[in-house]
Amino acid sequence: MKIAILGYGKMGEQVEIVANEYKHQIVAFIDDEEDWKNNLDKIKSADVAIEFSTPQTVLANIKRCFEYNIPIVVGTTGWYDQMEQVKQACINGNHSLLYASNFSLGVNLFFALNLALAKIMNGYKDYDVNIEEIHHINKKDAPSGTAITLANDIISIVDEKKNWINEPNNNSNELSIKSQRLNNTVGTHIVSYTSEFDCIEIKHSAFNRKSFAIGAVKSAQWLIDKKGFFCFKDIIGELK
């Protein structure tokens, strides 16, 4: 499988390592407009693109992959307010896109645990739910896409919560997400239900980025002969 890596930062480097371990070929590394111009023929030869760039460049990268009919796996977050437009462009143009707020198997199991706990806690008004997320200082978006997924899943179940807000607050209808950016950390997410008397919490901590890269490369392998708009959590059972 020939892969173009769009965004050669920490995650792009991990994707390269995993792709090589899986005996795939990296045909291009794209970080900016100049790279697109200088490597266009190589990019067009790719069977799939794996995108871990920035919220500022991800939409342009998706558009170009659609233009050149290259299936694209998107790990960048911060563009979900444009989700419906991208989905329609993908479907209408008979293109291929698979996205995830997090490609880690462990995090996707954590998503399932979060949903299960929300179902248990719904109706216990003495407990207020909040989310804390910690990432490295170079992460561009806050809250993280993973935290937003956790929050939206809680809001879909817990009747009292109507929306999330990225700051501490005392409004019972708002779900607070606290974001921290620290040195020498990969990623931690904590969902807490706190009452006057105790606290119930679930936590996921990543030890390194390789699990994310493995999920992305496996997704690329899955997507290569598909058409449509897909989410990683919907196909994860097929990647076991």
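Sequential numbering from 1130 applies to the sequence shown in this note's numbering.
Yeah, the Cβ is synthetic: ideal placement off N, Cα and C, and Gly gets one too.
{"Item": "Boundaries of the beta strand (DSSP E) in which ASP1257 is found, first to last residue", "Value": "1257-1265"}
{"Item": "MET1212, buried or exposed, once every other Cβ within 10 Å from all chains shown has been counted against 16", "Value": "exposed"}
{"Item": "Within 8 Å, strictly: CB atoms of ASN1251 and VAL1287", "Value": "yes"}
{"Item": "As assigned by DSSP and simplified to three states, the class of ARG1338", "Value": "coil"}
{"Item": "Residue range of the alpha helix (DSSP H) that includes TRP1165", "Value": "1162-1167"}
{"Item": "Among ASN1312, ILE1277, PHE1195, ASP1327, the one whose alpha carbon lies nearest that of ASP1255", "Value": "ASP1327"}
{"Item": "Cβ neighbour criterion (16 or more within 10 Å) applied to ALA1189", "Value": "exposed"}
{"Item": "Best match in ASP1282, ASP1161, GLU1180 for proximity to LYS1248 [C-alpha to C-alpha]", "Value": "ASP1282"}
{"Item": "Contacting residues, own chain, Cβ-Cβ under 6 Å from LYS1269 (five flanking each side not counted)", "Value": "THR1183, PRO1184"}
{"Item": "ILE1132 vs VAL1177 beta-carbon contact at 8 Å", "Value": "yes"}
{"Item": "Sub-8 Å separation of VAL1258 and LYS1307 beta-carbons", "Value": "no"}
{"Item": "For ASN1198, the nearest candidate out of ALA1175, VAL1187, TYR1253 (CA to CA)", "Value": "ALA1175"}
{"Item": "Cα-Cα separation, PHE1323 to LYS1339", "Value": "Before going further, note that residue 1323 is Thr rather than Phe in the sequence given. Near 33 Å, if we compare the C-alpha coordinates of LYS1339 and THR1323."}
{"Item": "Cα-Cα separation between SER1305 and THR1275, rounded to whole angstroms", "Value": "14 Å"}
{"Item": "Every unbroken alpha helix (DSSP H) inside the stretch 1181-1232 [4 residues or more]", "Value": "1187-1196, 1212-1221"}
{"Item": "Straight-line Cα distance separating ILE1159 from TRP1165", "Value": "6 Å"}
{"Item": "Contacts around GLU1163, its chain only, beta-carbon distance under 8 Å, and the 5 residues preceding and following it disregarded", "Value": "none"}
{"Item": "Spatial distance of ALA1371 from GLN1309 (CA atoms)", "Value": "Residue 1371 falls outside the range modelled here, since the chain spans only 1130 to 1369, and no answer is possible."}
{"Item": "Start-to-end residues for the beta strand (DSSP E) that takes in LEU1304", "Value": "1303-1311"}
{"Item": "GLY1138 (DSSP reduced to helix, strand or coil)", "Value": "coil"}
{"Item": "Backbone CA spacing between PHE1167 and GLY1136 [nearest angstrom]", "Value": "Residue identity differs from the one stated: residue 1167 is Asn in this sequence, not Phe. Roughly 15 Å between the two C-alpha positions."}
{"Item": "PRO1272 to THR1317 span [Cα, whole Å]", "Value": "12 Å"}
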